[in-house]
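Same order as they appear, the protein sequences are chains A and X. The first sequence begins at 184 in the working numbering and counts up by one. The second sequence begins at 3 in the working numbering and counts up by one. Note sheet for the following structure.
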Amino acid sequence: MSAPASTTPATSADAAQEPAAGTVRVKRGLAEMLKGGVIMDVVDAEQARIAQDAGAVAVMALERVPADIRAQGGVARMSDPQLIEQIQQAVTIPVMAKARIGHFVEAQILQELGVDYVDESEVLSPADHAHHIAKQDFTVPFVCGATNLGEALRRIAEGAAMIRSKGEAGTGDVSEATRHIRTIRAEIRRLASLTEEELYVAAKELQAPYPLVAEVAATGTLPVVLFTAGGIATPADAAMMMQLGADGVFVGSGIFTSGDPAKRAAAIVQATTFHDDPAVVADVSRGLGKAMVGISVADLPAPHRLAERGW
Amino acid sequence: MSPEAADGAREESDRAEVRVGVLALQGDVREHEAVLRGLGAHVVRVRRPADLEGLDALVLPGGESSVIDRLSRLTGLRDPLRDRIREGLPVLGTCAGLILLADRILDAAPGQETLGGLDVLVRRNAFGTQTDSFETALVTPAFDGPPVLSAFIRAPLVEELGGGTAGRDAAVEVLASLPDGRVVGVRQGDRIGLAFHPEVTGEDRFHRQLVEAARRRTDDTAMERTARDMPCARG
Chain A
184 MSAPASTTPA TSADAAQEPA AGTVRVKRGL AEMLKGGVIM DVVDAEQARI
234 AQDAGAVAVM ALERVPADIR AQGGVARMSD PQLIEQIQQA VTIPVMAKAR
284 IGHFVEAQIL QELGVDYVDE SEVLSPADHA HHIAKQDFTV PFVCGATNLG
334 EALRRIAEGA AMIRSKGEAG TGDVSEATRH IRTIRAEIRR LASLTEEELY
384 VAAKELQAPY PLVAEVAATG TLPVVLFTAG GIATPADAAM MMQLGADGVF
434 VGSGIFTSGD PAKRAAAIVQ ATTFHDDPAV VADVSRGLGK AMVGISVADL
484 PAPHRLAERG W
Chain X
3 MSPEAADGAR EESDRAEVRV GVLALQGDVR EHEAVLRGLG AHVVRVRRPA
53 DLEGLDALVL PGGESSVIDR LSRLTGLRDP LRDRIREGLP VLGTCAGLIL
103 LADRILDAAP GQETLGGLDV LVRRNAFGTQ TDSFETALVT PAFDGPPVLS
153 AFIRAPLVEE LGGGTAGRDA AVEVLASLPD GRVVGVRQGD RIGLAFHPEV
203 TGEDRFHRQL VEAARRRTDD TAMERTARDM PCARG
């Protein structure tokens, strides 16, 4: 069943009387349930089990973590369905998987496999350099990356039920994640201070639909859950993202390219829950072994920056 | 908010304030806080044992039940939570919260445990994956007025009532079911467990039951509490 065209969840009065799957409320609802949690990239069933045991709120199934995609190059695509099914069988928590930007057939396959969320992701090689997937018509919900508020609202208009700030995946450098979450939050605060006339101009500048811009200005928040991603490698990184206003975090390469993935994963989960308690964050940061080596974003030539994919 | 609901909220706020905790380790804490505030409750986020002090009722929110279980053990919160629930603290659990309240569960994550409190058997992820999630109207004999519209998100299901632990203070009653009869909401004493999320559809009648149970409890012990240096006298 297709989702209603409205970007705002239905109120009780107009909600369907018959069981209805894939509604805006149901799609956005799963993201609400993930709040305060950590979503971890995994490349096989064993990693998925480690992530679940460590307290991941969901896993992201993919063939190569972003750091390896970056190192090995080539075209990065949706994972083999067999791999995704193995991961689905290994865990009881939600399983997400990535489709290439604009690759609506990869998304159709992922929906068919029964994944819990599709990530239309800049980490994979884009399949369309002009269009993103029209996400309203899918039953499966989508999460999309954004570097700023305009991009986030364009994705929500297309039907994204969850947004993650992009950061710079596969680097272990948190600076871009910081920039993007700060940018989105600051742009939301700015909207809240504008008059009605100014909001029309803001919609033009943000290149986003006016009704969504007006909704954000009125509520002071995105209409969907906002996680952050891209470069988070330590408990302190995760706690900083939460203090900057993220609803939760994605950790990609940071866990399974480190010395002790199980311990680091569990530590990042605790630091996310107790992000405002330095004693806990300090405690869980002890003795985690070698962190992901990483690459400084400043050393990455612009064409190699994944965050610039998406339009 | 409808005019009736606004009147209701004003009426509620005229009465003595009750302190309702929301377990805030992970999940849709904000949605529950909003409903509870709408009912005039003072809301406290519970992440540590000390946060349980002085609570009149508790909400176990939606979220990932295996994660909430794990974090409640790591933080030393689980045993005091179990104690308070056993002592009769009114509790409302939704989705993951129902799983946490169930005495027995099926399809748990490895090593997953529950707090217990409801003499039911609950199956986790009983409807399938997210593409099987849905919203629908429920059969709720206890409520007059409009049907309960609610969201089932990777929801659990109550598969058996009773038949487990002995010596409970009250029988398990069915609060809500699907049109085909499957049980999705139960109550035992002042403990309510729901497989769905009233908090995301603006449905406040279950929370109202919780707050009323908390008020009954505080009214019963008002004298005692006044004597015990509480911030405000009740009466």
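Where is the CB? At the ideal position from N, CA and C, for every residue including glycine. These numbers come from a predicted model, not from an experiment.
Within the DSSP secondary-structure output, X:D192 pairs in no beta bridge.
With respect to chain A, the C-beta atom of X:H209 has no partner C-beta closer than 8 Å. In the DSSP annotation of this structure, the continuous segment of the beta strand (DSSP E) that includes X:G23 starts and ends at R21 to L25.
X:R47 and X:V24 have their alpha carbons spaced roughly 5 Å apart. X:G40 has a beta carbon lying at 8 Å or more from every beta carbon in chain A. Listed along chain X are Q28, G29, D30, V31, R32 and G65, each with a C-beta nearer than 8 Å to that of A:K218. Remark: C-beta atoms of A:E303 and A:A317 do not approach each other more closely than 8 Å. In the three-state DSSP reduction, A:E305 falls in the coil class, being neither helix nor strand. Non-local beta-carbon contacts of A:R253 in its own chain, meaning distances under 6 Å to residues more than five positions away in sequence, involve G353 in chain order. Proximity of chain X to A:Q453 at the Cβ level (cut-off 9 Å) is accounted for by L73, L76 and T77, in chain order. Here the alpha carbons of A:D443 and X:T116 stand approximately 29 Å from one another. Judged by DSSP secondary structure, X:H209 falls within the alpha helix (DSSP H) whose first and last residues are R207 to D222. By the beta-carbon neighbour count (other beta carbons within 10 angstroms, threshold 16), A:R447 is buried. Judged by their CB atoms, A:I222 and A:F433 are nearer to each other than the 8 Å cut-off. When DSSP states are grouped into helix, strand and coil, X:L94 belongs to the strand group. Using a Cβ-Cβ cut-off of 8 Å, X:D109 counts as an interface residue toward chain A, since at least one Cβ of chain A sits closer than that to its own. Using a Cβ-Cβ cut-off of 8 Å, A:P461 does not count as an interface residue toward chain X, since no Cβ of chain X sits closer than that to its own.
For the 8 Å CB-CB criterion, A:Q271 and A:V278 form a contact.
Proximity of A:L332 to chain X, defined by a Cβ-Cβ separation below 8 Å, is not satisfied.
By the Cβ test, the stretch 81-98 of chain X is not in contact with the stretch 138-147 of chain X, since fewer than three Cβ pairs between them sit closer than 8 Å.
Per DSSP, reduced to three states, the secondary structure at A:H312 is coil, with no helix or strand assignment. Within the same chain, Cβ atoms closer than 8 Å to the Cβ of A:F287 are found at I316 and A317, the five residues on either side in sequence being excluded. Contact annotation, A:G355 with A:S468: C-beta distance approximately 15 Å; criterion of less than 8 Å not satisfied. Taking the beta carbon of X:P158 as reference, no residue of chain A falls within 8 Å; the closest one sits roughly 11 Å away. The residue among X:D81, X:L212 and X:H44 with its C-alpha nearest the C-alpha of X:G195 is X:L212.
By a beta-carbon distance limit of 8 Å, X:I101 contacts X:V124. Their separation comes to about 6 Å.
When only Cα atoms are considered, X:V186 and X:D134 end up about 16 Å apart. Here X:V37 really is in contact with X:E201; their C-beta atoms are around 5 Å apart, less than 8 Å.
Rounded to the nearest angstrom, the gap between the Cα atoms of X:P63 and X:V31 is 6 Å. As computed with DSSP, X:E175 is found in a beta bridge with X:R189.
The beta carbon of A:G238 sits closer than 8 Å to some beta carbon of chain X. With fewer than 16 neighbouring CB atoms inside 10 Å of its own CB, A:Q390 falls in the exposed class.
Contact note: A:E379 does not reach chain X at a C-beta cutoff of 9 Å; the least C-beta distance is about 23 Å. In the DSSP assignment, X:S68 falls within the unbroken alpha helix (DSSP H) covering S67 to L76. Exclusion of the five residues before and after A:G220 leaves V240 and G431 as the residues of its chain whose Cβ lies within less than 6 Å of its Cβ. Taking a C-beta distance under 8 Å as the contact criterion, X:R126 and X:S179 do not qualify as a contact pair.
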